[in-house]
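Chain order of the listed sequences is A and B. The first sequence begins at -17 in the working numbering and counts up by one. The second sequence begins at 19 in the working numbering and counts up by one. Don't be surprised by glycine CBs; every beta carbon is placed ideally from N, CA and C. As the structure is a computational prediction, the values presented were derived from the model and not from experiment.
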Amino acid sequence: MSRPTVSDPAVDGAHAGIRDREGALAKLMIAPAILYIVAMIGVPFVLSILYSLSDATTGDPSIRIVGLRNFAAALKDPVFRLSLWNTVLFTLVSQCFVVLLSRLLATALLKQFRGKWIVRFLIMLPWTAPISLGTIGWLWMFDSIFSPIDWVLRYVGLLGAPGALLGAGTNLYYLGIPGLAISSVILVDIWRILPLATVIQLAGLSSIPRDLLEAAEVDGATPWRRTLMITIPLTLPITSIAFLFGVVFTFTDLVVVYVLTRGGPVNTTQVLSTWTFFRGIEGGNLAEGAAISLFMFPLLAAVAFLILRAARRTEVV
Amino acid sequence: MPNARKIAGRGGLYTLLGMFVFFSAFPFYWMVIATFKTDHDLFTPLNNPFLFNEPATLDHLKLLFFDTHYLTYLWNTLAVGLVVVVITLIVAVPAAYALARWARGWGEMLGIGIFLTYLVPPTILFIPLARFTAFLGLQESLWSLILVYPTFTIPFCTWLLMGFFKTIPKDIEEQAMIDGLSRFGAMWKVVLPLSISGVLTVVVFAFTLSMHEFIYALTFISVSVKKTVSIGVPEELVRGDVFQWGPLMAGALVASLPVAIVYTFFLDRFVAGFTMGAVK
């Protein structure tokens, strides 16, 4: 408990006496936050593990430990396996796009141009507006009859005429056909996280010392070389932070799939969070729901570890 | 030659930005269109969907505000959000101040630990918390949301405020204490006014995070008049299988815009929290 010495000698004596009282005060001020977090995050988390090892249902929520039965049952269930696969697939595909697009967008936003605030406001909308409401907008765009995408495709002759490239039917049924439904969910996932990743990337790009880039330019480094040798290495930690937060938010998200498809058609877009909800809450099987949700935990723990490591590296820079 | 190149560069920049703006904002433009279109115009497949083929109408907004529980949803959202903001401030401000001021090694660790609990997702916690609120007799009550929402506002806001308090030099309050103020007095009269922008940021985030929340509200509340906007609009404005797209889009738009405008102003600070304050 070393305290940097205060230069004023008059204060030094007074400090020694106050220090104990301040220690107590500090604990008192931190206590409510810790107590709340333990009670409302820590205890429920332990409870979730206990549920997953029990046979609790909404009808009989008492916890009787039955071992790993729920995990075994989940692993045998083809819908669960599909959910696990989808969760990983949606997350990885969407976040790879997000990293590339957000870097491109951040580079553009770094430039000076007129009307920047309105451009920024519009680009940030998917993150700043409530996600369930934004997704409702997409639901209407993917409508099976009135989709504007279909209208454009019909208008340019790619759809709805005999011999058209995308078929003679009038509509593509974005949320009704497995492949299209999966692509639609991934698209909305990208749309949702892009603004957040862009702002994080912007922070990283604007933190590069300008004189470093100028010095390289004076030394005759081409723009490509400057990007490759200075910008990318210096912003790598913050890019990985953007990626990792995108992974956390997409991996655990329920809203996009719930609002767009409810996991359909026939569970082909089901993810861990929606399957947890349908089994655990709507199906009333608390034990199985808890077991399904806990499959998210190993990845989250790994991501948390990586975020901390990346954050430490940014501080070094 | 360089001039032509500059113009080409500008053109490229605007095209790129235009594409991104289109991608991000189109769903909201789509809401605007649907909000003011007549049903007949909306549901004629041959009409150009991007334009008004018939005169605009306020019917959907009228229906939304007078014939649905929309105003109740807005009110519920506001009430829950405000109470959550107050709870968050009461808990997070002292904790963040103490962690930033008195803590050395263990305080930093504790701060990071608190932040990491933000990464425990509602999708893991909602089953036990649903039992918990049922046990307390709070199901179908807005109090269940008020009790649970600080699980994501407190960890994040404590972390954010910790960063803010650290930027205020210690000398200022030490000087105030030499001038005769108590530690508490110095905190209240000197430090807090200086960190007003940090506190404001926390107010905005606690409110927007509460307003965006979906899964707890979906799990705890099923009575229509107790719903918040984020579940009320997608769940209740759909009657059976009939989607009333006009009012539905109007409802999504009206609730989205104000919060999005305020949030945009504070986004940079929010992100500074994510990057652990590593980027100044």
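### Query
Between which two residues does the alpha helix (DSSP H) containing B:His87 stretch?
First-last for B:His87: undefined, no H or E at that position.
### Message
I'd like to know whether the C-beta atoms of B:Leu179 and B:Gly203 end up nearer to each other than 8 Å.
### Response
With a cutoff of 8 Å on beta-carbon distance, B:Leu179 and B:Gly203 are scored as not near each other.
### Task
Apply the 10 Å Cβ neighbour rule to A:Asn153 and answer buried if 16 or more other Cβ atoms are within range, or exposed otherwise.
Burial call: buried.
### As assigned by DSSP and simplified to three states, the class of A:Ser36
The answer is strand: DSSP assigns A:Ser36 an E or B state.
### Query
Under 8 Å, do A:Val80 and A:Gly271 count as touching if we go by C-beta distance?
No.
### Near-chain B residues of the region 22 to 48 of chain A (beta-carbon distance less than 7 Å), N- to C-terminal order
Under the 7 Å Cβ criterion, the region 22 to 48 of chain A contributes Met22, Ile23, Pro26, Phe27, Leu29, Ser30, Tyr33 and Pro43.
### Message
Residues of chain A with CB closer than 7 Å to the CB of B:Phe223, please, in chain order.
### Response
For the C-beta of B:Phe223, not a single chain A residue is nearer than 7 Å; the gap to the nearest is close to 11 Å.
### Message
I'd like to know whether the C-beta of B:Ile164 is nearer than 8 Å to at least one C-beta of chain A.
### Response
For B:Ile164, the answer is no, since every Cβ of chain A falls outside 8 Å of its Cβ.
#### Entry: Cβ pair count under 8 Å reaching 3, the region 223 to 240 of chain A against the region 137 to 155 of chain B
Contact between the region 223 to 240 of chain A and the region 137 to 155 of chain B is present, because at least three Cβ pairs lie under 8 Å.
#### Entry: Separation of B:Asn21 from B:Tyr167, as counted between CA atoms
Approximately 55 Å, taken between the alpha carbons.
### Contacting residues, own chain, Cβ-Cβ under 7 Å from A:Ile127 (five flanking each side not counted)
Taken in chain order, the residues that qualify are Asn153.
### chain B contact residues for A:Phe103, given Cβ-Cβ distances below 8 Å
Near A:Phe103 (Cβ distances below 8 Å), the residues of chain B are Ala278, Ile279 and Thr282.
### Task
Locate the alpha helix (DSSP H) running through A:Asn68, then write down its first and last residues.
Counting along the chain, the alpha helix (DSSP H) containing A:Asn68 begins and ends at Pro60 to Leu92.
### Query
Which bits of chain B does A:Gly119 rub up against, with CB to CB less than 8 Å?
Contact annotation for A:Gly119 against chain B: Pro45, Phe46, Trp48, Met49, Met267 and Ala270 [CB-CB distance below 8 Å, chain order].
#### Entry: Amino acids of chain A, ordered along the chain, whose beta-carbon sits closer than 9 Å to that of B:Asp77
Residues of chain A passing the Cβ test: none, with the nearest at roughly 17 Å.
### Assumed close pair B:Ser242, B:His87 - CB separation to whole angstroms, cut-off 8 Å
The distance from the Cβ of B:Ser242 to that of B:His87 is about 6 Å, consistent with a contact at the 8 Å cut-off.
### CB of B:Ala273 within 8 Å of CB of B:Val251, strictly
Yes, the pair counts as a contact, with Cβ atoms nearer than the cut-off.
### Task
Give the DSSP-derived three-state secondary structure of B:Ala224 in the structure shown.
In the three-state reduction of the DSSP assignment, B:Ala224 falls in the helix class, which pools H, G and I.
### Message
So with CB distances below 8 Å, who are the chain B contacts of A:Met278?
### Response
Pro139, Thr141 and Ile142, listed in chain order.
### Message
Taking 8 Å as the threshold (beta carbon to beta carbon), is A:Leu7 in contact with chain B?
### Response
At least one chain B Cβ lies under 8 Å of A:Leu7.
### Message
One question on the structure: do B:Thr53 and B:Glu72 come within less than 8 Å of each other, judged by their Cβ atoms?
### Response
Not a contact, by the Cβ cut-off of 8 Å.
### Message
Measuring only the C-alpha atoms, how far is A:Gly158 from A:Phe260?
### Response
When rounded, the distance between both Cα atoms is 19 Å.
### Query
Grouping DSSP H, G and I as helix and E and B as strand, with all else coil, what is B:Phe261?
Three-state result, B:Phe261: strand.
### Task
Report the three-state DSSP secondary structure of A:Val134 (helix, strand or coil).
For A:Val134, the three-state secondary structure derived from DSSP is helix.
### Task
Identify the contact partners of A:Ser65 in chain B, using a Cβ-Cβ distance below 8 Å as the criterion.
When 8 Å is used as the limit between beta carbons, A:Ser65 is near no residue of chain B, the shortest such separation being about 12 Å.
### Message
One question on the structure: do B:Phe46 and B:Leu199 come within less than 8 Å of each other, judged by their Cβ atoms?
### Response
No, the Cβ-Cβ distance between B:Phe46 and B:Leu199 is not below 8 Å.
### Task
Keeping to the same chain, check which residues put their C-beta closer than 8 Å to that of B:Thr95; ignore five residues upstream and five downstream.
Excluding the 5 residues flanking it on each side, B:Thr95 has same chain C-beta neighbours closer than 8 Å at Ser228, Met229, Thr246, Val247, Ser248 and Ala273, in chain order.
### Message
Please identify the residue among A:Asn52, A:Ile182 and A:Ala8 whose C-alpha is closest to the C-alpha of A:Leu82.
### Response
Of the listed residues, the one whose Cα sits closest to A:Leu82 is A:Ile182.
### Query
If you draw a straight line from the alpha carbon of A:Ile220 to that of A:Pro177, how long is it in whole angstroms?
Approximately 15 Å, taken between the alpha carbons.
### Query
Since B:Trp177 meets chain A, which of its residues come closer than 7 Å, beta carbon to beta carbon?
Correct list: empty, because the minimum Cβ distance to chain A is about 11 Å.
### Message
Looking at the strands, I want to know which residues DSSP matches up with B:Val256.
### Response
As a beta-bridge residue in DSSP terms, B:Val256 pairs with B:Phe261.
### Task
Please say whether A:Val170 and A:Val238 have beta carbons closer to each other than 8 Å?
Yes, these two residues count as a Cβ contact at 8 Å.
#### Entry: Alpha-carbon to alpha-carbon, B:Leu82 and B:Gly269
When rounded, the distance between both Cα atoms is 7 Å.
### Task
Output, in chain order, the set of chain A residues within a Cβ distance shorter than 9 Å of B:Phe182.
Residues of chain A whose Cβ lies closer than 9 Å to the Cβ of B:Phe182 do not exist, since the nearest Cβ in that chain is about 16 Å away.
### Query
Comparing the C-beta of B:Phe83 with each C-beta of chain A, is any distance below 8 Å?
B:Phe83 is outside the set of residues whose beta carbon lies under 8 Å from a beta carbon in chain A.
### Extent of the continuous alpha helix (DSSP H) to which A:Val101 belongs
Residues Lys98 to Thr110.
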